[in-house]
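A.B. asks:
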Amino acid sequence: MTRIVCIGECMVEMAPLETPGTYRMGFAGDTLNTAWYLAKLLGDRARVDYFTAVGTDPVSDQMLDFLTQEAIGTANILRRSDRTLGLYMIQLQNGERSFSYWRGQSAARTLAQSGQDIATALHDADIAYFSGITLAILSQHDRETLMTALEAFSTSGGEIVFDPNLRPKLWTDPQDMTQAIMDAAGLSDIVLPSHEDEATWFGDQSPEDTARRYAQQGAGIVVVKNGPGEMVVHSDAGLSRHQPEQVSAVIDTTAAGDSFNAGFLAGYIAGEPLDQAIAAGARLAARVVTYRGALVEEAVLGPELAG
Ligand code: ADP
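Okay, so the sequence shown: first residue is 0 according to numbering that gives the first Met the number 0, each after it adds one.
1. Just tell me which of Y22, T18, V4 and I3 has its CA closest to the CA of E12.
2. Can you tell me which of the three DSSP states R212 falls into?
3. Determine whether the beta carbon atoms of V231 and R240 lie at a separation below 7 Å.
4. Determine, using beta-carbon pairs with one atom in the segment 250 to 260 and one in the segment 268 to 276, whether at least three such pairs fall under 8 Å.
5. Around the C-beta of E197, are 16 or more other C-beta atoms found within 10 angstroms, so that it is buried, or is it exposed?
6. Thinking just about the alpha-carbon of each residue, which of P19, G217 and F50 is nearest to the one in D182?
7. Three-state secondary structure (DSSP) at D196?
8. On a CA-only basis, which of T171, W170, M176 and R211 is nearest V190? Give me that one, please.
9. Can you give me the Cβ contacts of S80 inside the same chain, cut-off strictly under 8 Å, excluding the 5 residues immediately before and after it?
10. Assuming contact is defined by CB atoms lying nearer than 7 Å, are C9 and G28 in contact in what I supplied?
11. Could you tell me whether any non-hydrogen atom of the ligand ADP is closer than 6 Å to the CB of P227?
12. Rounded to the nearest angstrom, what separates D312 and R96 at their Cα positions?
13. Drop a sphere of 10 angstroms on the beta-carbon of R291, count the other beta-carbons inside from all chains shown, and report buried for 16 or more, exposed for fewer.
14. Out of curiosity, what's the CA-to-CA distance linking E229 and P243?
15. Leaving out five residues before and five after E17 in sequence, what residues of the same chain have Cβ atoms less than 6 Å from its Cβ?
16. Mapping the DSSP letters down to three states, classify D141 as helix, strand or coil.
17. Ignore the nearest five residues each way along the sequence and tell me which others in S153's own chain have a CB closer than 7 Å to its CB.
18. Please tell me whether, using a cut-off of 6 Å, the distance from the CB of G156 to the nearest non-hydrogen atom of the ligand ADP is below it.
19. Would you mind sorting M0 into buried or exposed? The rule is 16 or more other CB atoms within 10 Å of its CB.
20. Could you check if P222 belongs to the surroundings of the ligand ADP, using beta carbon to heavy atom distance under 6 Å?
21. If you draw a straight line from the C-alpha of G306 to the C-alpha of L40, how long is it?
22. Starting from L266, trace the alpha helix (DSSP H) in both directions and tell me its first and last residue.
23. Apply the 10 Å Cβ neighbour rule to F50 and answer buried if 16 or more other Cβ atoms are within range, or exposed otherwise.
24. Please determine whether the Cβ atom of V190 lies at a distance below 6 Å from any heavy atom of the ligand ADP.
25. D235 to V221, Cα distance in whole Å?
26. Could you check whether G202 and N164 sit closer than 7 Å to each other, using their CB atoms as the reference points?
27. Less than 7 Å separating the beta-carbons of V38 and E69?
28. Throw me the rounded Cβ distance for the A127 and L149 pair, which I believe falls under 8 Å.
29. Would you tell me roughly how many angstroms separate the C-alpha atoms of D208 and F259, rounded to the nearest one?
30. Please identify the residue among Q215, D188, V58 and M88 whose C-alpha is closest to the C-alpha of A14.
31. Where does the unbroken alpha helix (DSSP H) through D182 begin, and where does it stop?
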């Protein structure tokens, strides 16, 4: 059975309810969202684990309970008695969502202090999945520790999947960001970028440019997402294009990329041809954007996705 370890930060989410000043508490975060969709899509056919650091307080316990309940493995999650979870709050103003974050001191920022902890989490895994946000929350030293552990994982036959997820606000310097992203892509077998962000920070003129840049860095498969636009894919077969299905009523694009990655990887893990795996990713993302929120149970219930 395939074992996937997703590495990153899961935060407390406070989402506004109808009555002003009231919120519903949930848990979300880019790599966690992908883990959640992967667990739903793959069911008993794979084991999905999450690797992060959390506190020892009740809300951290609650997050671990949530992950367990969602069939995401928590056995290697680190506990820090002097820290707790990061949090974000969604504000709605005239129908527009904005996000405020409290994550500067989160426990997750310490996830890569020990290379041994990461090696233990990756032991016997087939796939490691992480993102540019995973890198952004770490100190330079810890980022290097993570890279070294991933390199060893790759050398021993593990497959590495990376979503650059560029978030300049989380970095002190855009050059640190672009350098770290390219270093991480250099270790990765599969890179899943979104063209819009890449164009801004790497100056790519087209999705083809983005695909070529990551392919030159060594990634065997690059799938360049582009919102509702055509995706460009680089693989052994060269460059190809894929039109995602059109969505007439987009409600909320939160987790579009994260769910795409999960749909795609679920197909890839099941051994589907690349085209089919990409179509599965786009189909899931197309459903997710028609609902509010990151984790959309209804989006995975269709028979052709649930498998
Ligand atoms: P991210 O969420 O990482 O910015 P994108 O916005 O590029 O990623 O979207 C990821 C995928 O989600 C796209 O490749 C597409 O399949 C789907 N998607 C996103 N926005 C739309 C949309 N407006 N209509 C249809 N599909 C969409």
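All C-beta atoms, glycine included, are put in the ideal place defined by N, C-alpha and C.
C.D. replies: Looking at the coordinates:
1. Y22
2. helix
3. yes
4. no
5. buried
6. G217
7. helix
8. R211
9. G54 and T55
10. yes
11. yes
12. No information on residue 312 is available, as it lies outside the stretch 0 to 306 that the chain covers here.
13. exposed
14. 6 Å
15. none
16. helix
17. I159 and L186
18. no
19. exposed
20. Inspection of the sequence shows that residue 222 is occupied by Val rather than by Pro. V222: no, Cβ never under 6 Å from the ligand ADP.
21. For G306, the predicted model reports a pLDDT of 45, less than 50, meaning its position is unreliable and no value from the coordinates is stated.
22. Before going further, note that residue 266 is Gly rather than Leu in the sequence given. Segment A255 to I268, the alpha helix (DSSP H) holding G266.
23. buried
24. no
25. 10 Å
26. no
27. The displayed chain sequence assigns Ala, not Val, to residue 38. Yes, the Cβ-Cβ distance between A38 and E69 is below 7 Å.
28. 6 Å
29. 21 Å
30. M88
31. P173 to L186
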